[in-house]
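Asks: Shown below is the structure under consideration.
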Amino acid sequence: MKKVLDKNFWFKYKEVKTERFEIFSIFLVFSLLLTLTAIPYDVLFVFKGLRVGEKIGKNITAQRDYYAIDMEAFEKRKARVLRGAPLVIDLDSESLNKELEKLSEGFEKLRKWSQSFDYTRFAVNPEKSAEGYEIFSKLLDIKGNVFDAFLTFWAAGFSPSVKSEIEEMVISVLEKGYIGTGVERDRKIVKRTIPEYTEIYTDETAFINGKDELKIFVSALVDKKGSDFLKKNTKSIVNFIANFVEPNCKVNVAETDKRQHEILSRIAPNYIVIKKGEIVARKGEILQQTVADKLRIIKEEELKKISPLRLVTLFIVFVSLSWIFYMVASASVKKFANDKKSITLIVMTILFSLIFVRLFMLTGTYISFDYNFYPLIMVFFFPYALSGMILRLFFNTETAIISVFFMTILMGINFPEHYYLLIFVFSSAFLGLHFISYLYTRGDLIKSGGKTGLANAVIMLIILALVTDKETISMSDRIFLVTGVFFSGFLSSVLLIVLTPFIEYVFKYTTNITLFELSNLDNPLLKELLLKAPGTYNHSILIGTLAEAAARAIKVNPLLARVSAYYHDIGKIKKPEFFIENQMEGYNKHEELTPYMSVLVVLSHVKDGIELAKQHKLGQPIIDAIAQHHGTRLVTYFYAKALKLDPSAKEENFRYLGPKPKTREVALIMMADAVEAACRVLDDPSPSRIKNLVKKIIQDIFLDGQLDECELTLKDLNLVVESFTRTLLGIYHHRVDYPEIKSGKENVNNKKPL
Ligand SMILES: [Fe+2]
Ligand SMILES: [Fe+2]
């Protein structure tokens, strides 16, 4: 026993797991398609081929606000500011003294050397010349070839007067500042004297900029101030200074960078502000740079939306959200339609709504290309109430509310720029599903469309009052919007009528709209029943009245109860004369048959009924009602007859094959059927006698276990007793005036719920 239980448990667990996996797969596909609707398709091709100076081919309207940093303009400005930022050049004020010391020391020593080796005698001696030049280069730290200068100074005997003239030149050079490698022209410069750190703002003319400039500078000095001796030897003197003086200035890269950053940090970025609804580019105008910048910003911002990372993130968000909604709703909302088929219809309804919003958006953009039209208006014209209505019609209020809520959240993710749209979608779909809950006739369906239209118009007026920027939406656009949403609300109910048969066919559902069609007594099958089995026809109409009223009392679908009742005995068309309600007085066909044969004929009306229902495509709920309306009840009349003939007759041969009623509507038909048959033979239908009879019959059905598989509570059963009694009393009271119920026409004229 335990093993069997375990096996069953495992099987069930696996079944649940498989269904969950399948639902998850549905969510994966759903989320993938949702992600595709998040792509702003219009932007991908609107901006193609627009160049500055060209004629603009279409109006381009901003569909949301853009506050973007114009990076391109910002970079250009930064470069411009950087060019203006000063170069920091450090001047080493201590190097002058070192150079002068070196010079004095060198001249001192060489003067002594030249006293021993006189120029006039030794200049021709290559050995001595080389020895002197070596000392000279070493002492004065000369890098290049200054042999000419050596000879010149030697000739002058390294005299103090020559030395002081050279000194003056070195002072002039180093005080001005000498940079080894040249700096850029036209740059602003900060000249810092190190180690004092005094600084002045200047330009490149304040320095001797490279060796060439040094030579020019020195030769000018010689020209201006030099003695005759120096002037005669300008070339070698200039060459000497150029090779002797070390640059005392250099660009301080770190300090320059630091100051540049300080300046950059003070520059505010370039913002481009584009208002929602602003016509950024107008058809026929020439594209200016400023407009081109705005278009570039819009394109850049929109393209960010289709970065692979964002799309993958969106996909994950959609899958997670779907799963969360599904799990929470299944766990905590009892009536939530959480089977695979229902989930498919729910996600398809939501998906189509989102696809259409994107399509409407695209259409709006396209219209605005050529006309003075506010493209965002277009998205409001989609009949959003339709989704709420479909979900309510095919499922129930709970499922519809949860799904509409979910849909609104998804719209918020996919169309974040249209926050007013969210208010509209939610209110419209919510009210749509509400209005459709109170359908009583076909006319009511149209009325609910009208109500939705009116509700849409009111919501739109509220939204328009909320829109602060009065300039964006013109008065004519406002009127267009309000009338447009009125008609889209109306269109919701029209589309519902058009789409329902299609959805019913694909998903094999039976909605109230179809039930309403079936409730029409002009239906050929019911007409045939009236013709061939008038007794059964009247019986069925009566059951319909009983079941409908009781359904209302226990808050289940009254229309389903009534229509199921109309067709529950449809199988009796095949052999009407075998059923008591169709028999003329005094003649009973069963008298010719054995109880076993009789019961077979009686039982066959269920099977025949199912066949007929399938043939006439009455839908699963009606087929179920026919199959279950007798449950596994005993045909007592023939069983008793059989017992008389053979006391060992088996009860199970006289029972219907079932199954027992699975829904409360079918249970009502079973009870009404039994009650009606019993009341038919009641001689004196006083209120108390009727009530007692009803009570007893329902009790029998309950004790027979026929109600075990449906969700009727004892409280429901009490309400059913009350309701049946009330209806039957009404009927018997009326029978005084109308001895026969001829047809159910009055049922249609008396407002009966759909
Ligand atoms: Fe029946
Ligand atoms: Fe019946």
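For the sequence shown, the positions run 182 to 935 when our numbering is used.
Each residue gets a CB set at the ideal place from its N, CA and C atoms; glycine is no exception.
Only a predicted model underlies this, so the values are computations on that prediction, with no experimental measurement involved.
#1: For Ile360, name the three-state secondary structure that DSSP assigns.
#2: Looking at C-alpha atoms only, which residue of Val780, Val585 and Lys485 is the closest neighbour of Phe506?
#3: Hey, quick one: how far does the beta strand (DSSP E) through Tyr248 stretch, first residue to last?
#4: With distances taken from CA atoms, which of Leu672, Leu626 and Leu642 is nearest Gly634?
#5: Mind the definition here: the segment 689 to 699 touches the segment 789 to 802 only if three or more C-beta pairs lie below 8 Å; say whether that holds.
#6: Going by DSSP in three states, Lys736 sits in which element: helix, strand or coil?
#7: Between Leu727 and Val875, what straight-line distance do the alpha-carbon atoms span, to the nearest angstrom?
#8: Under 9 Å, do Val403 and Thr415 count as touching if we go by C-beta distance?
#9: What residues match up with Ile418 in a beta bridge as DSSP calls it?
#10: What I want to know is whether the C-beta of Val847 ends up closer than 8 Å to one or more non-hydrogen atoms of ligand 1.
#11: Span of the alpha helix (DSSP H) holding Ile791?
#12: Using the Cβ count rule (16 or more neighbours within 10 Å means buried), how would you classify Asn278?
#13: Measuring from the CB of Thr775, is there a heavy atom of ligand 2 at a distance below 8 Å?
#14: Kindly indicate which residue of Thr374, Pro489 and Ile694 has the alpha-carbon position closest to the one of Val432.
#15: If you drop the 5 nearest sequence neighbours on each side, which residues of the same chain put their C-beta closer than 7 Å to that of Glu927?
#16: Please give the ranges of any alpha helix (DSSP H) in the segment 247 to 289, keeping only runs that are unbroken, at least 4 residues long and fully inside the region.
#17: Considering Ile594, what are the terminal residues of the alpha helix (DSSP H) in which it resides?
#18: Measure the Cβ-Cβ separation of Glu466 and Val514 and say whether it is below 9 Å.
#19: Can you list, in chain order, the residues of its chain whose CB lies under 7 Å from that of Arg258, leaving out five sequence neighbours each side?
#20: Within 9 Å of any Cβ in chain C, is that where the Cβ of Thr580 sits?
#21: When you measure from the CB of Thr717 to every non-hydrogen atom of ligand 2, does any distance come out below 8 Å?
#22: Would you report the Cα separation of Lys932 and Ala732, rounded to the nearest angstrom?
#23: Looking at Glu365 and Leu268, is the spacing between their C-beta atoms short of 9 Å?
#24: Looking only at its chain, what residues have a beta carbon closer than 8 Å to the beta carbon of Gly665, apart from the 5 residues adjacent to it on each side?
#25: For Val197, count the other beta carbons within 10 Å of its own beta carbon; 16 or more makes it buried, fewer makes it exposed. Which is it?
#26: With a threshold of 7 Å on Cβ separation, who are the neighbours of Ile250 within its own chain once the five nearest residues in sequence on each side are excluded?
#27: How would you write the range of the beta strand (DSSP E) that Thr301 sits in, first residue to last?
#28: For Arg743, name the three-state secondary structure that DSSP assigns.
#29: Is it buried or exposed, Met542, if we count other Cβ atoms within 10 angstroms and call 16 or more buried?
#30: Let me check you understand the geometry: is the CB of His771 closer than 8 Å to at least one non-hydrogen atom of ligand 1?
#31: Tell me whether His749, by its Cβ, gets closer than 8 Å to a heavy atom of ligand 2.
#32: Measuring only from the beta carbon, is Ser721 closer than 8 Å to any heavy atom that is part of ligand 2?
#33: To the nearest angstrom, how far is it from the Cα of Ser669 to the Cα of Pro221?
#34: Round the Cβ separation of Leu142 and Leu676 to the nearest angstrom and send it over; I've been treating them as touching at under 8 Å.
#35: Check whether the segment 494 to 506 and the segment 589 to 606 touch, using three or more Cβ-Cβ pairs below 8 Å as the test.
#36: Sorry if obvious, but does the Cβ on Asp854 come closer than 8 Å to a heavy atom of ligand 2?
Replies: Reading off the structure:
#1: strand
#2: Val585
#3: Tyr247 to Ile250
#4: Leu672
#5: yes
#6: coil
#7: A straight line joining the alpha-carbon of Leu727 with that of Val875 spans about 12 Å.
#8: yes
#9: According to DSSP, which records beta bridges pairwise, Ile418 is partnered with nothing at all.
#10: no
#11: For Ile791, the enclosing alpha helix (DSSP H) has its first and last residue at Pro776 to Gln796.
#12: exposed
#13: no
#14: Thr374
#15: Per-residue confidence for Glu927 stands at a pLDDT of 38, beneath the threshold of 50, marking its modelled position as unreliable; no derived number is given.
#16: 252 to 265
#17: Thr578 to Asn595
#18: Going by C-beta atoms, Glu466 is not nearer than 9 Å to Val514.
#19: Ile448 and Asn451
#20: The displayed structure is made up of one protein chain only, and chain C is not part of it.
#21: yes
#22: The pLDDT assigned to Lys932 is 33, lower than 50, so where the model puts this residue is not dependable, and the model offers no usable value.
#23: yes
#24: Setting aside the 5 residues that flank it on each side, Gly665 is surrounded in the same chain by Ile558, Phe561 and Phe562, each with a C-beta closer than 8 Å to its C-beta; the list follows chain order.
#25: exposed
#26: Pro450, Asn451 and Tyr452
#27: Taken as a continuous stretch (DSSP letters only), Thr301 belongs to no beta strand (DSSP E), being part of the alpha helix (DSSP H) at Tyr300 to Phe303.
#28: helix
#29: buried
#30: Checking the Cβ of His771 against ligand 1 gives no.
#31: yes
#32: yes
#33: 24 Å
#34: For residue 142 there is no data in the structure shown, the boundaries of the chain being 182 and 935.
#35: yes
#36: yes
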